[in-house]
Structures are given as structure tokens and as C-alpha cells.
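Chemist:
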Amino acid sequence: MRILLAEDDPAISKLLTQRLLEHHYAIDAISDGMSGWEYASTYEYDLLILNVELPKLDGISLCQRLRATGDTTPVLLLAAQNTAIARIVGLDAGADDYVTKPFDEAELIARIRALLRRSSSNPLPILIWGDLWLNPSNCEVTYQGQLLNLSAKEYALLELMLRESHHVFSNEEILESLWSSAEFPVDATVRSHIRRLRQKLTAVGAPPDLISTAHGRGYYLKPLDEKAIADGIAGSLIHEAHFTHDCSQSGQDLQSQSNGYGSGSPQAASLFSQPQISPDRSNPQQQYQTLLDQIWLESQDKIREQFQILQEVVSELHHHTLRPHQQEQANQVAHTLAGTLGTLGRFAGMEVARELEQWLHSDVVLETEDATHLQTLVEKLGQTLETSLALSKSTIVPDCLLIVDPDSNMQEKLARLGIQQGIQTKIFVSIAEAQAWLTQQQQAASHPAHIQADCLPTGLILGCFSPVRATFQEQASDSLSFLKDFTLQYPTVPTVVLANVSTCEERLEIIRQGGTCILSRLSSPQRILQAVSADHQQRNLLPETRVLLVDDDPTLLRALTTQLQSLGISVSTLNDSQQFWSVLETIQPDAVVLDIQMPGLSGLELCQVLRSDPRWQRLPILFLSVFADTRTQHQAFLVGADDYLCKPVSGIDLFDRIFNRLKRVQACAQSEIVF
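Using the working numbering, the final residue of the sequence shown is 1036, and nothing's skipped along the way.
1. Which parts of the stretch 514-577 are runs of the alpha helix (DSSP H), unbroken and 4 residues or longer, counting only runs that do not cross its ends?
2. What are the start and end residues of the beta strand (DSSP E) that includes residue 390?
3. Report the rounded CA-to-CA distance for residue 1048 versus residue 509, giving the unit in angstroms.
4. So is residue 703 in contact with chain B if we call contact Cβ pairs under 7 Å?
5. Is residue 366 closer than 7 Å to residue 421 when the C-beta atoms are compared?
6. Could you tell me the alpha carbon to alpha carbon distance between residue 995 and residue 910, rounded to whole angstroms?
7. Taking the alpha-carbon positions, what's the residue 954 to residue 882 distance?
8. Indicate the three-state DSSP secondary structure (helix, strand or coil) for residue 668 in the structure shown.
9. Measure the alpha-carbon distance for residue 880 versus residue 948 and round it to whole angstroms.
10. Start and end of the alpha helix (DSSP H) containing residue 774?
11. Below 8 Å, can you find three or more Cβ-Cβ pairs linking the stretch 671-687 to the stretch 393-407?
12. With burial defined as no fewer than 16 other Cβ atoms inside 10 Å of the residue's Cβ, what is the status of residue 386: buried or exposed?
13. Would you mind stating whether residue 874 and residue 844 have Cβ atoms separated by less than 7 Å?
14. Nearest to residue 971 by alpha carbon, out of 989, 925, 952 and 792?
15. Specify whether the stretch 426-441 and the stretch 471-478 touch according to this definition: at least 3 beta carbon pairs, one from each stretch, less than 8 Å apart.
16. Applying the criterion that 16 or more other CB atoms from any shown protein chain within 10 Å of the CB defines a buried residue, is residue 389 buried or exposed?
17. What three-state label does DSSP hand residue 958 in the structure shown?
18. For residue 536, collect the residues of the same chain with a Cβ closer than 7 Å to its Cβ; drop the 5 residues on either side in sequence, then sort them by chain order.
19. Is the distance from the Cβ of residue 983 to the Cβ of residue 1004 below 7 Å?
20. Taking C-beta to C-beta, are residue 424 and residue 394 nearer than 7 Å?
21. Considering just the uninterrupted stretch of the beta strand (DSSP E) at residue 443, what are its terminal residues?
22. With DSSP as the reference, label residue 367 as helix, strand or coil.
23. Entirely within the stretch 385-435 and at least 3 residues each: give me those beta strand (DSSP E) ranges in chain order.
24. For residue 417, which residues of its own chain have a beta-carbon under 7 Å away from its beta-carbon, when the five flanking residues on both sides are left out?
25. Residue 863 lies in the alpha helix (DSSP H); which residues open and close that run?
26. Which runs of the beta strand (DSSP E) at least 3 residues long sit entirely within the stretch 905-936? Give them in chain order.
27. Who are the near neighbours of residue 405 in its chain, counting only those whose CB is closer than 6 Å to its CB and skipping five residues on each side?
28. So, for residue 464: in the same chain, excluding its five sequence neighbours on each side, which residues have a beta-carbon less than 6 Å away from its beta-carbon?
29. Assign residue 1016 to one of two classes, buried (16 or more other C-beta atoms within 10 Å of its C-beta) or exposed (fewer than that).
30. For residue 507 versus residue 492, is the C-beta spacing smaller than 7 Å?
31. Using the rule of at least 16 other Cβ atoms within 10 Å of the residue's Cβ for burial, across every protein chain shown, is residue 999 buried or exposed?
32. For the ligand MG, is there a heavy atom less than 6 Å away from the beta-carbon of residue 997?
33. Under a Cβ-count criterion, where at least 16 other Cβ atoms within 10 Å of its own Cβ denotes burial, should residue 856 be classed as buried or exposed?
34. Output yes or no for whether 7 Å exceeds the beta carbon distance between residue 822 and residue 788.
35. For residue 445 and residue 863, I'd like the C-alpha separation in whole angstroms.
36. Around the C-beta of residue 681, are 16 or more other C-beta atoms found within 10 angstroms, so that it is buried, or is it exposed?
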């Protein structure tokens, strides 16, 4: 599959290129909109990834120009603005998806897979041809359960043929799809890859003509009989959880977990049986962090140039010589820096750069007295760049679970339980000791050649230290201050706070400082470790949740489908409630949205039918209706509804409700295993 990436930020472009190459995509990377127009007009692509703020021709205008020529290639926009208006403008310009910076790499890759599926003749998440299975989520290929060891090009060739399984591919089409414009392969290269791919398939028992030749035309997959096709579709939908189990455990694709909500499958239940934080160094998250650190080091020269521009603007403002074009340039630099820093995991620097961007906006008239504040911000940005949020750039360090608590008995129990589960722990008996360690980690991030970071935190268990003071904020001030600093440096690491809090305000204060879970100090060690594991799993909720929308209004279905798909949800629609059960069994959705009043069977009746089947008793069911009266809502909840929304409703509101329901279901499943 061939992708055009138009991104003017070298760091982000390199990061995306590297990650997409790892998923066996052919990439053409360019840095301005006019080059994007020339490439897109010259070559055939399966997907276009466009930065909104490109030089020469911005991403929105480029998308509009392509659509005006009839180009239907899927377009994914990357942007720094995360407002509803910005998203609407992008989607109305013809984009198929809109992702804001800084983005989650795993979610972005999942959205790319979803767009590629949507534009192919095979929309299933797992590509199946008889006994041949290809899983794009983890790039694994099996034949009759046997794993094939394929090269990147062999994998890409097989994926291309599986996505268009009834097409005969000429040599030219294969070359166009699998090689970038910088490469110059010949027809013999295709024949060589076909030959090696056939040999590897035959070695695991596949028929020699699985990849057949149409002489003079090209290559195609040997047709299957109808039963094999039906078995393949059923296998993709029903057994996907089992096939992607390993991938879901690593946080790359949690499809199997959400399948467990509806089906109650034993594979899904096993996901919650042993809460643990994997110390495996092959963890993709660790590999991703290493890649970020590498790109961060390679981007230093460019970042220094950008930082120098900001320093010069402050100097010009001090001397009353700042020109509008200089302010505009500095605003663009701050905007670019914010995107770079956020994408590379430097969130403290990103926040300062965003504040600078607001101050340097062309609508803001800067006065001389503003120079002092701008200088403070620039100096703060310089400090955060020096004390980078990266971990070690030179060597790999071990994972560890941090325990900061004065209770030696609890420390010992947690450490012993951690050893049993293969978790390395690091214990601190005071906030001062933990704060000193955090400072050392910051120094290691800034000077990796001289200072070695001793571990990579995968979780924090923080016992609130409570000297006798007047208020909760005063009692826990030191603990909360450390929590805030820790969260700033490790924003994606789960933090479990042990505290005897009695009011909502006290809980809110802990959450504001970065706490993700609050437990009583009387909680068992098993419950505490399970909370850390649960937070890991909730943070990796499936980005491609399958939702079934049932409504007799086709206009509403189209509108909600567009909005939900732009947010990464896979949507199936149904406007005939009589076909509900057969569609449900085929799709195996993670959530269902029902209209109350429909021809044939009503939403209330469908809900009752679902709740009567043990397999679907936990499936999240949301009602969407024009009826806002209390009586109708009461009926809906009486028959088993989980939520009730009144029309009209926006896609983002529906997305939030679905997401929250899935989190609750997952948390309940985890709690049952523990308790």
C-alpha cells in the first residue's frame, strides 16, 4: 500500500515515515503543498496524509483542489488545532479523517488502517483467503495457523492482493503500489518477489497455485468456493479476538477485549486474569519511546534555530524594532515547535510553545512592556528543552513500578507481590527521596552521555504523606507537588494514590495534580496492583470500536456515520429493524445505538431481545430518540438501556457516551476477576 505524506516538520515527518515503513507501507514524504499536488497528480496512492499548515499550498486547499479534479483517494489531515470548527472545515474540504497534534501513534496507525480498509473491496479488519490469514494490526501472516516469515515487500504484496482479492494485478500496478517514487525497480523484481512468496506459502502447505498467473495480464489469488468464502468472513468477525490476543496484550490493538463485552468469549476473559505490568524489553511502547528519543537528538540543530528566532523577537521587542513579519514568523515557529515537542513526548515544552504562539499571534499588538513576559516564556522554553522529558537516549533501562509510601509493611507486601508477577519495583520512603530521584531522571534526559537513568517507570503508587496540618491540601501538599512533577515528566504513566479522602473536593484536587486512581490506604496489595494494570488497559481502549446504529432515518445514519468514523469508530448501519439479529450476529458490535420508534420492531423490543441472551447482557446499549419525556426514558432503562440521548445529537457527544460505556464495562470485567 502506497502513502503520500506531506509534512513540513522534519521530526514529525521522520517519525511517521519510520513507523509507516515498519508497517510495510511504501512512503513518499514531501514538505510542501505544491510538491504534494505534483506527486498526487502524477502517482497513484492508497492514502494521502496532509499537514494542514503546509508552506506554498496548505493542506485544506490541497485537499479541495484534489477533490475538484475528481480524486477520491482517502485523505487524513494532521493539524495542531483541536477545535470543532477546525475539524468541520477540514472534513468539509473533503478529508476523510482529522487528527490533531500531538497524536497517539498507535491510534494514528489504527485510523490509517481503517481508512485503507474503507477504500478497499475487503473492509474486514483481518484479511482472510481460505486458510490464509493476514492481520494488519500486528503484521502477522498465518496459513492453517502456521506463522509465515515474510520480508516487508512480500508482506505488502500479499496484503495488496488480499485487499483486492478478485483483481488481476499487472507488474506495473504492483510496482506503483509497493515502491516509492525514489525507488526504481523493474518487472523482474516483481517476478522475484512473487516466486519467493509462492515458495514460502508452499512450504507451510498452501497449494502452489494459490497465487496464480494470468499470462500476459498479471497475478491473482486462486478463487475460493462459496463455503470457504463464508467460513473466512465468519472467522474474521467471530475469531478475531483469539487471533489478535498477543497484539492486544502489547497495547497495539485491543479488539479482543471489546469483543469480550458482547460475546463473553473465554479468550476475552483471560485478558483480565493476571493483572501485571510487563517488563518485557520487546514492548512496542518502549521501542516507540526509543525512536522518539533518537529523532529528538537528530532534531536538535533545527530546534536550536527555531529557538534562536524566538530569542531574536524578544530582543527586537525590547529595542522597539519588531516588525509585523518578524512576529508572524515567530508565531509560525512557536506553532511548529509545539507540534514537534508534543509529538516527541516533550509535553512541558509543548505547553510553553503554545502559550508563546498565542502571544505572538498577528491579532495581538505587542507593546514594549510585553517583552519581559515573553522573555520569561522563552527562557522557560529554553530550560524545558535543556531538561528534556526524554528518558535515556544512549542505553536501554529496565521497567519498574515506583512505590512512594512511608508504610514499610505495605512496601514489603507490594514488592513481594510484584516479584511474583514479574514486576521490578523501586521503593522510596519519603517524598524528598522520590523528588531527588525525579530530578536525577530529568538530568539524565538532558545529559544522556554523562548521567544514566536507572529505570523507566511503568506505574506510580503514591501514599499521601499526612503530617498534622489544618487542611487536606496542606496535609498532602508535598505528595501532590511530587505527583504534579511526576505526571508532567511521565504523562502516560498510571498513578494510583493511596489516601483516606472524605470529600469530593479532596478527590478532585488529587485528580487535578495527575492522579488517575484513588484508593483507600486500607486497600489490599492485590487491589492496588490491579488498579495500576486496569489503568494501563483503559488507556489502550480499542481505537476501532465497532458500533451498530439502528434507525429508520437514513439521513441521520449518514450524518452520524461520517462523524463517528472521523473519530476512529467503525460504524455499521441498519434501517430495517427486522434484519437486526442476523446483522448483529455477523458484525459482533462492541456497542449498539437504537432508535425508540421504528417500523417493525421498536428499539425497546430489540433491547429486550438482546438482554434475554446471556451473550449480549453486557453489550452497551444506547437509545437515541426524539422522545424527551420521563416516561419513555424510564421504559428504556427498565428494559436494559445503558444510556439515553435525545435528538438532535452530535457525533462527538455520542462518541463520548460510547467510550464511557466501554470503559465501565471493561472496569467491571476486571473487578470480577480480582474480587
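Every residue gets a Cβ at the ideal spot worked out from N, C-alpha and C, and that includes glycine.
In this text the structure is predicted, and so the values were computed from the model without any measurement.
Modeler: Judging by the given coordinates:
1. 532-539 and 548-564
2. Taking the first residue of the sequence shown as 1, we reach residue 390 at position 29. From DSSP, the beta strand (DSSP E) with residue 390 extends over 387-391.
3. Because the chain here runs from 362 to 1036, residue 1048 falls outside it and cannot be looked at.
4. The chain inventory of the structure shown lacks chain B, comprising one protein chain alone.
5. As a working note, residue 421 is residue 60 in the sequence shown. As a working note, residue 366 is residue 5 in the sequence shown. Cβ distance not < 7 Å, so residue 421 and residue 366 don't count as in contact.
6. On the sequence shown, residue 995 is found 634 positions in, with the first residue counted as 1. On the sequence shown, residue 910 is found 549 positions in, with the first residue counted as 1. The straight-line gap from Cα to Cα measures roughly 21 Å.
7. By one-based count along the sequence shown, residue 954 stands at place 593. By one-based count along the sequence shown, residue 882 stands at place 521. Between residue 954 and residue 882, the C-alpha separation is close to 40 Å.
8. Position 307 of the sequence shown, counting from 1, holds the residue named residue 668. Reduced to three states, the DSSP call for residue 668 is helix.
9. Start at 1 with the first residue of the sequence shown, and residue 880 comes out as number 519. Start at 1 with the first residue of the sequence shown, and residue 948 comes out as number 587. Distance between the alpha carbons of residue 880 and residue 948: 38 Å.
10. For the purposes of this step, residue 774 is taken as residue 413 along the sequence shown, with counting starting at 1. Looking at the DSSP string, the run of the alpha helix (DSSP H) that includes residue 774 is 769-781.
11. no
12. To locate residue 386, count along the sequence shown from 1; it is residue 25. With 16 or more other Cβ atoms within 10 Å, it is buried.
13. For the purposes of this step, residue 874 is taken as the residue at position 513 of the sequence shown. For the purposes of this step, residue 844 is taken as the residue at position 483 of the sequence shown. It is a contact, given that the beta carbons lie within the stated cut-off.
14. The residue given as residue 971 occupies position 610 in the sequence shown. Comparing Cα-Cα distances from residue 971 to each of 989, 925, 952 and 792, the minimum goes to 952.
15. yes
16. On the sequence shown, residue 389 is found 28 positions in, with the first residue counted as 1. Buried, since its Cβ has 16 or more Cβ neighbours within 10 Å.
17. To locate residue 958, count along the sequence shown from 1; it is residue 597. If DSSP states are grouped into helix, strand and coil, residue 958 belongs with coil.
18. Here residue 536 corresponds to residue number 175 of the sequence shown, with the count starting at 1. 546 and 551, listed in sequence order.
19. For this step, residue 983 is matched to residue 622 along the sequence shown. For this step, residue 1004 is matched to residue 643 along the sequence shown. Annotated as proximal: residue 983 and residue 1004, with beta-carbon spacing under 7 Å.
20. Counting from 1 along the sequence shown, the entry for residue 424 is found at position 63. Counting from 1 along the sequence shown, the entry for residue 394 is found at position 33. Cβ distance not < 7 Å, so residue 424 and residue 394 don't count as in contact.
21. In the sequence shown, counting from the first residue as 1, residue 443 sits at position 82. Unbroken run through residue 443: none, as it is neither H nor E.
22. Walking along the sequence shown from the start, residue 367 turns up at place 6. Correct three-state label for residue 367: strand.
23. Correct list: 387-391 and 408-412.
24. Position 56 of the sequence shown holds residue 417. So the qualifying residues of the chain are 393, 394 and 395.
25. On the sequence shown, position 502 is the one that residue 863 refers to. It is not in any alpha helix (DSSP H) - residue 863 carries neither H nor E in the DSSP assignment.
26. For the stretch 905-936, the continuous beta strand (DSSP E) assignments of 3+ residues that do not extend past its boundaries occur at 907-911 and 931-935, in sequence order.
27. On the sequence shown, residue 405 is found 44 positions in, with the first residue counted as 1. Answer for residue 405: 537, listed in chain order.
28. By one-based count along the sequence shown, residue 464 stands at place 103. So no residue of the chain qualifies.
29. What you label residue 1016 is simply residue 655 of the sequence shown in a count that begins at 1. That one is buried.
30. If you number the sequence shown from 1, residue 507 lands on position 146. If you number the sequence shown from 1, residue 492 lands on position 131. Not in contact: residue 507 and residue 492 (Cβ atoms no closer than 7 Å).
31. Here residue 999 is taken as the residue at index 638 of the sequence shown, counted from 1. Residue 999 should be labelled exposed.
32. The ligand MG is not among the ligands present in this structure, which contains no ligands whatsoever.
33. Here residue 856 corresponds to residue number 495 of the sequence shown, with the count starting at 1. Burial call: buried.
34. Counted from its first residue, the sequence shown places residue 822 at position 461. Counted from its first residue, the sequence shown places residue 788 at position 427. Cβ distance not < 7 Å, so residue 822 and residue 788 don't count as in contact.
35. If you number the sequence shown from 1, residue 445 lands on position 84. If you number the sequence shown from 1, residue 863 lands on position 502. Distance between residue 445 and residue 863, taken at the CA atoms: about 38 Å.
36. Position 320 of the sequence shown, counted from the first residue, corresponds to residue 681. Classification of residue 681: exposed, given that the 10 Å Cβ count is below 16.
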